[in-house]
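These notes are about the structure you will find just below.
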Amino acid sequence: MFDLQGKVAIVTGAASGIGFATAQAFAKKGAKVVLSDVNEEVGQQQAEALRQAGAETSFFTADVGNEQSVAALVQHAVQTFGALHIIVNNAGIGMLAATHELDYEDYQRVIRINQDGVFFGAKYAIQQFLKQDGGVVINVASILGVVRQGRLLTMHPKARLIF
Ligand SMILES: NC(=O)c1ccc[n+]([C@@H]2O[C@H](COP(=O)([O-])OP(=O)(O)OC[C@H]3O[C@@H](n4cnc5c(N)ncnc54)[C@H](O)[C@@H]3O)[C@@H](O)[C@H]2O)c1
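Those letters in the sequence shown? Residues 0 to 162, per numbering that gives the first Met the number 0, in order.
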């Protein structure tokens with residue numbers, strides 16, 4: 000089994016769901032974990048719950064769709080724990096809408112969080128990895144990202160744009 004003793008990890012979207020489960024699993028394996036989310040109240044509580052269980056954690060409020068926010072998140076991890084070895088770009092939103100009914104603002108919001116957010120996370124983490132001995136970028140996606148459109152159309156009789 001893998002061991003993350005001494006490793007520092009950032010998990011975005013860590014206030015709930017897969018992000019929190021990942022933060023919890025990493026902490027159990029010995030990692031120091033920076034939980035990050037836009038939901039500050041719940042994120043703080045989750046980081047505190049892991050601390051109570053004996054983990055070294057920190058919480059940092061960051062919107063992954065904002066470049067400055069992600070840069071500050073990476074800086075926080077390095078200032079708090081001295082290094083960064085892993086970033087899990089997990090934060091994301093889902094939207095199921097018919098193409099002809101989707102507002103452009105909603106489309107842009109999904110792209111900003113789900114796509115730009117992954118780019119910003121990788122960009123600033125890799126800048127830090129290059130100052131050290133490397134690191135790992137983990138991107139959480141969806142099986143729908145590799146399902147061909149024909150399959151989507153089969154699943155959804157009317158033509159739909161699915162994020
Ligand atoms: N659960 C599933 O079945 C499923 C399926 C496919 C893909 N995914 C992907 O897995 C990831 C996690 O999914 P989940 O089910 O745990 O979702 P979730 O909604 O439980 O958790 C997502 C977290 O991301 C946070 N978040 C939203 N926007 C943010 C932003 N701009 N910046 C920072 N944090 C933000 C939310 O506050 C929330 O805590 C997402 O990227 C999602 O698209 C999940």
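Where is the CB? At the ideal position from N, CA and C, for every residue including glycine.
Please read these numbers as outputs of a predicted model, since none were measured by experiment.
query                                                                     : result
Endpoints, alpha helix (DSSP H) assigned at L34                           : Looking at the DSSP string, L34 is not in any alpha helix (DSSP H); the run it does join, the beta strand (DSSP E), is 31-36.
Pair within 9 Å by beta-carbon distance, Q43 and F58                      : yes
S141 (DSSP reduced to helix, strand or coil)                              : coil
C-beta contact flag for L34 and L49 at 9 Å                                : yes
Helix, strand or coil at F162 [DSSP, three-state]                         : At F162, the pLDDT of 45 sits below 50, so the modelled position is not reliable and the matter cannot be decided from this model.
Coarse secondary structure for N113, derived from DSSP in three states    : helix
Cβ-Cβ distance between Q45 and F19 below 9 Å                              : yes
The alpha helix (DSSP H) enclosing T21, as first and last residue numbers : 16-27
C-beta contact flag for G134 and I86 at 9 Å                               : yes
C-alpha gap between N138 and G120, whole angstroms                        : 9 Å
Option nearest V69 by Cα separation, candidates T11, A52, V145, G5        : T11
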